[in-house]
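Numbering-wise, the UniProt record's numbering puts 113 at position 113 of the sequence shown, and it's gapless, one number per residue.
Beta carbons: idealized from backbone N, C-alpha and C, even for Gly.
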Amino acid sequence: MRILIILAHPDEQSLNHAIARQAEATALANGHEVIFHDLYKEGFDPVLPGPEIPRNAPLPKEIARHCDETASADGIIIVHPNWWGMPPALLTGWVDRVLRPGVAYEFTGDDGGEGVPGGLLKARTALIFNTSNTEAGREIRIFGDPLERIWKECVFGLCGVVETHRRMFRIVITSSDEERRQWLDEVSDMVDEFYPRQD
1 MRILIILAHP DEQSLNHAIA RQAEATALAN GHEVIFHDLY KEGFDPVLPG
51 PEIPRNAPLP KEIARHCDET ASADGIIIVH PNWWGMPPAL LTGWVDRVLR
101 PGVAYEFTGD DGGEGVPGGL LKARTALIFN TSNTEAGREI RIFGDPLERI
151 WKECVFGLCG VVETHRRMFR IVITSSDEER RQWLDEVSDM VDEFYPRQD
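1. Do the CB positions of Val172 and Leu121 come within less than 7 Å of each other?
2. Any idea which residues DSSP pairs Tyr105 with across the strands?
3. Do Val103 and Ala57 have their C-beta atoms closer together than 7 Å?
4. Where does the unbroken alpha helix (DSSP H) through Asp192 begin, and where does it stop?
5. How do the region 21 to 29 and the region 184 to 193 stand: do at least 3 beta-carbon pairs fall below 8 Å, yes or no?
6. Given 8 Å as the limit, is there contact between the region 83 to 97 and the region 41 to 55, that is, 3 or more CB pairs closer than that?
7. Please classify Cys154 as buried or exposed, where buried requires at least 16 other C-beta atoms within 10 Å of its C-beta.
8. Considering only residues of the same chain and omitting the five flanking positions on each side of Phe36, which have a CB-CB separation below 7 Å?
9. Helix, strand or coil: how does DSSP classify Ile150 here?
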């Protein structure tokens with residue numbers, strides 16, 4: 001399988017980086033091909049220019065490469081912190097520019113874009129790993145866990161990905177080394193479960 005990993009965190013010493021590298025190591029150990037993008041390190045440009053919006057618009061080489069890699073992935077892993085109940089703006093810009101019509105979804109028949117699109121992504125399963133400093137009960141009670149809806153319903157649910165599984169690790173700011181080791185073990189367990197070893 002070809003697994004695409006997208007990491008969006010500016011601090012290379014962050015737990016997010018450790019999570020992404022753990023996911024990568026596990027997928028590689030299971031015999032998968034891994035495409036790894038650290039969006040901050042690569043300097044990904046998140047700004048969607050107007051001329052790039054139409055379905056058949058010419059794309060910059062980097063964006064076209066991201067589109068091809070995403071369309072051909074058998075599995076997708078996204079790693080990012082919970083910032084204001086949202087992904088970092090850089091990752092939102094990646095969604096804007098890469099999960100585009102003709103790549104991730106399409107409108108069919110007489111639907112001019114006012115209806116519900118059909119998904120085009122090859123990947124059947126996406127894993128989302130998040131970090132947070134918000135207590136779980138408060139997240140649900142006050143905020144309604146917006147990241148769950150963003151990824152499962154608003155993004156991957158419309159792009160043809162049948163299963164989206166998300167794991168939030170919290171509370172990071174007060175976590176111990178032992179807790180973090182356990183969390184990284186959970187990352188490996190989830191990758192093993194949904195992208196098992198290739199025989």
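Judging by the given coordinates:
1. no
2. Pro101, Gly119
3. no
4. 177 to 194
5. yes
6. yes
7. exposed
8. Ile5, Glu24
9. helix
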